[in-house]
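Trainee: Starting off with a structure, shown below.
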Amino acid sequence: MQNNHIAPLLVENWTRICDVLPKNFTWIAESLFSYPAKFYIEKADAELPAAKCKCGEVCNPSSCPCLKAKITAKGLIRSEYANFINECHKDCGCNRKCPSRILRRGRTFPVMLFRTSKCGWSVRTLVPIPRRRFVMEYVGLIKLYEECINVDDQTYLFNCDLPDG
Numbered sequence: 001m002q003n004n005h006i007a008p009l010l011v012e013n014w015t016r017i018c019d020v021l022p023k024n025f026t027w028i029a030e031s032l033f034s035y036p037a038k039f040y041i042e043k044a045d046a047e048l049p050a051a052k053c054k055c056g057e058v059c060n061p062s063s064c065p066c067l068k069a070k071i072t073a074k075g076l077i078r079s080e081y082a083n084f085i086n087e088c089h090k091d092c093g094c095n096r097k098c099p100s101r102i103l104r105r106g107r108t109f110p111v112m113l114f115r116t117s118k119c120g121w122s123v124r125t126l127v128p129i130p131r132r133r134f135v136m137e138y139v140g141l142i143k144l145y146e147e148c149i150n151v152d153d154q155t156y157l158f159n160c161d162l163p164d165g
């Protein structure tokens, strides 16, 4: 691990193409939002603010309203909630060392982003990862579905449906 406590991310090109990364590639540490997506999210946040706790310095996963028992006291993600996790955030009363903030700590296991000639870009772990552990966040440009209908460039698109629609 590095001094900033984020595990290394290595990038390798396993092809004979000289460029390691695409020409227009820009590294981002957190997701970006199109204007319509940002507007939609801000409107939804205003109508239904995120849960926040008043647990004090450290939250109890069994009673914290942010967690609703989605994360165990040992920092494991409960398997029935693996698709969508809610956790403490900057507006909560707890501090950064709160055990419920496992996702916001960033990448905890070293991984490699690599390019192959047949499958394009992929990611793999460099160490064994225990079940139900957070590995890293996938970030990118977040758009509304309607904005993606006529995308004609070589882009990774996937639909991100939340449990409540």
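Using full-length UniProt numbering, read the sequence shown as starting at 1 and increasing by one per residue.
Positions of the beta carbon are idealized from the N, C-alpha and C atoms, including for glycine.
Keep in mind it's a predicted model, so treat the numbers as computed, not measured.
Give me, in chain order, the residues of the same chain whose beta-carbon lies closer than 6 Å to that of Leu10; leave out the 5 immediate sequence neighbours on both sides.
Mentor: Met112
Trainee: Pick helix, strand or coil for Arg105, following the three-state DSSP scheme.
Mentor: In the three-state reduction of the DSSP assignment, Arg105 falls in the helix class.
Trainee: Buried or exposed: where does Cys59 fall if 16 or more other Cβ atoms within 10 Å of its Cβ makes it buried?
Mentor: buried
Trainee: Find out if the Cβ-Cβ distance for the pair Phe33, Ile149 is shorter than 9 Å.
Mentor: no
Trainee: Around the C-beta of Ser117, are 16 or more other C-beta atoms found within 10 angstroms, so that it is buried, or is it exposed?
Mentor: exposed
Trainee: In angstroms, rounded to a whole number, what distance separates the CA positions of Trp121 and Leu157?
Mentor: 14 Å
Trainee: Do Lys54 and Gly93 have their C-beta atoms closer together than 9 Å?
Mentor: yes
Trainee: Look at the alpha carbon of residue 182 and the alpha carbon of Ala7, and state the distance between them as a whole number of angstroms.
Mentor: The structure shown has nothing for residue 182, since the chain only spans 1 to 165.
Trainee: Where do the N-terminal and C-terminal ends of the beta strand (DSSP E) with Phe114 fall, by residue?
Mentor: 111-116
Trainee: Is the separation between the beta-carbon of Lys52 and that of Asp91 shorter than 9 Å?
Mentor: Closer than 9 Å, so yes.
Trainee: Expressed to the nearest angstrom, what Euclidean distance is found between the alpha-carbon atoms of Leu144 and Asn159?
Mentor: Each residue's Cα considered, the two are about 9 Å apart.
Trainee: Hey, quick one: how far does the alpha helix (DSSP H) through Glu47 stretch, first residue to last?
Mentor: Looking at the DSSP string, the run of the alpha helix (DSSP H) that includes Glu47 is 35-47.
Trainee: Going along the chain, which residues of its own chain have a beta-carbon closer than 7 Å to the beta-carbon of Pro127, five neighbours each way excluded?
Mentor: It is worth fixing the name first, because residue 127 is Val in this sequence and not Pro. Result list for Val127: Phe109, Pro110, in chain order.
Trainee: Please name the residue, chosen from Glu12, Ala29, Glu147, that lies closest to Arg107 on a Cα-to-Cα basis.
Mentor: Ala29
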